[in-house]
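Under this note's numbering, the first residue of the sequence shown carries the number 33, and numbering increases by one thereafter. We put the CB at the ideal spot given by N, CA and C, even for glycine.
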Amino acid sequence: SEATAFGVIHVDETGRIVEFVEKPENPPEIPGKPGFSYVSMGNYIFEREILEESLIEDARLPTSHDFGRDIIPRLVNKARIFAYDFSTNVLPGKEQSGCWREDKPYWRDVGTIKTYWQAQMDLLHYESEMTFYNPKWPIRTVSYADPPAYVCPMKGFSCNVQSTLAAEGSRVLGASVVQSVLSRNCLIMAGSSVEESLIGDGVIVGENCRLRRVIVDSHSVIPSNTEIGFDPERDRERFTVDPGSGIVVIGMPKMQLRKSIDDPKGNFDWSSFS
C-alpha cells in the first residue's frame, strides 16, 4: 500500500527496468517477491553521454523537466536501465566496545514537512538505522572553521542538553534543549526550552522562550518570552503550521527587516518572515 505514494519501477527477471509508473493504484511487484515493489529513491547513476543527451532532449520538450516523471520514463525504451535493490546494500564495519554499531541501509522520503522533520529526529536515536559514527563509512560534508559547540549555565539557569545534534559554533547558555538539531552558530539563551525542533544557521532564540516541534529557518530571531508550538490557533496566525503533523515552520526573515532579540515596544513584526 505504501508504494502507491511513489514512482514505482517495473523490472524483469534480470532487474532491467521495463516500465516506470508514477503513483499507480496497483503497483507492479518485484519478480519473485509478491507484495513488494521497487520504488524510486530519486538517486540515479548515468553514463555521461546518455545523461547529456537526455537533458538536452528534455530541455526542448514542454515537460516538467523532472527525472522521475519525464526523463527516466522516456529512457526506458531507449537505453538499458537497471534497478538497484537498496535493501541488499551492505556497509562495512562492525560495532566495537559499544561505541557505534553496524550501519543498515537507510532511506526516507522527505517530500513533506512531516517526513523532513522525522528524518532529522531519526538521527537523534542511538538505535536509529542511520548513524554518523561508523569510521568505515564516514558521511562527508562541507566543513567550516567555526568554534566548537558550547554549553554552560547562565543567569541562574542550569543547562540541559539531551539527544541533540549541535553543529559547530552553536551555543546553549542556561537553556534546555531536548531531542533537537542545532545548526551552525545558533544561540539558545537563558531560561529557554527547545524540544523536538530544528534550529537553522545563525538563529537566535531569546530568553525564556518555549519552542516545541518547530522548524526555524536560518538567521531568524525569536524574541524573548515567545512561545511557539503550544497554541495551534495562535501559531497559524503568525506562521505556517503543517496540517497533518502540527509542526510549525518559521521562514527565513527578509534581510532588510531582520530584528534584534527584543522589540522595545514589545511588538515583534512577524511579517518580516517569509
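Item: Beta-carbon separation of R101 and E54 under 7 angstroms?; Value: yes
Item: Looking at the strands, I want to know which residues DSSP matches up with I113.; Value: The partner list for I113 (beta bridge, DSSP) is empty, contrary to what the question assumes.
Item: Going straight from the alpha carbon of E45 to that of R112, what length do you get?; Value: 14 angstroms
Item: Just tell me which of Y138, N240, E161 and N75 has its CA closest to the CA of D341.; Value: Past the boundaries of the shown model lies residue 341; the chain is included only from 33 to 306, so the question cannot be answered.
Item: Could you check how far apart the C-beta atoms of S215 and G238 are, in whole angstroms? I think they sit under 8 angstroms.; Value: That belief does not hold up - the Cβ atoms of S215 and G238 are roughly 17 angstroms apart, past 8 angstroms.
Item: Is it buried or exposed, G261, if we count other Cβ atoms within 10 angstroms and call 16 or more buried?; Value: buried
Item: Closest to A151 by C-alpha separation, out of Y165, E228 and I254, would be which residue?; Value: E228
Item: Near D267, which residues of its chain fall below 8 angstroms by C-beta distance, leaving aside the five closest residues on each side in sequence?; Value: I260, G261, V273 and V280
Item: Any heavy atom of the ligand NAP closer than 6 angstroms to the beta-carbon of V43?; Value: Although the ligand NAP was asked about, the structure shown includes no ligands whatsoever.
Item: For D141 and G223, what's the separation of their Cα atoms in angstroms?; Value: 35 angstroms
Item: Does DSSP put T147 in a helix, a strand or coil?; Value: helix
Item: Would you give the residue range spanned by the alpha helix (DSSP H) that I88 belongs to?; Value: R80 to A91
Item: Hey, which unbroken runs of the alpha helix (DSSP H) at 4 residues or more fall wholly within the region 181–205?; Value: none
Item: Should the region 165–181 be regarded as contacting the region 189–206, the criterion being three or more beta carbon pairs within less than 8 angstroms?; Value: yes
Item: Count the other CB atoms within 10 Å of the CB of A91; is the residue buried (16 or more) or exposed (fewer)?; Value: exposed
Item: Using the DSSP secondary-structure output, state which residues sit across from E30 in a beta bridge.; Value: Nothing about residue 30 can be read from this structure; the chain reaches only from 33 to 306.
Item: With K65 and P124 assumed to form a contact (beta carbons below 8 angstroms), what rounded beta-carbon distance in angstroms separates them?; Value: That pair is no contact at about 26 angstroms.
Item: Leaving aside the five residues before and after M221 along the sequence, list all residues of the same chain whose C-beta is less than 7 angstroms from its C-beta, in chain order.; Value: L205, A207, V237, G238 and E239
Item: Which value, in whole angstroms, describes the spacing of the CA atoms of A37 and P56?; Value: 8 angstroms
Item: How should F114 be labelled, buried or exposed, when 16 other C-beta atoms within 10 angstroms of its C-beta is the threshold for buried?; Value: exposed
Item: Is T173 helix, strand or coil by DSSP?; Value: coil
Item: Given this structure, state the Cα-to-Cα distance separating F78 from E161, to the nearest angstrom.; Value: 28 angstroms
Item: Where T258 and R244 are concerned, what is the direct C-alpha to C-alpha distance, given to the nearest angstrom?; Value: 11 angstroms
Item: Around the Cβ of V122, are there at least 16 other Cβ atoms within 10 angstroms (buried) or fewer (exposed)?; Value: exposed
Item: What does a CB cutoff of less than 6 angstroms around L230 pick up in its chain, not counting 5 residues either side in sequence?; Value: Q152, V213 and I247
Item: Please name the residue, chosen from Y70, G67, I103 and P94, that lies closest to E84 on a Cα-to-Cα basis.; Value: I103
Item: Since K65 sits in a beta bridge, which residues does DSSP pair it with?; Value: I62
Item: Per the DSSP calculation, R242 is bridged to which residue(s)?; Value: S225 and E259
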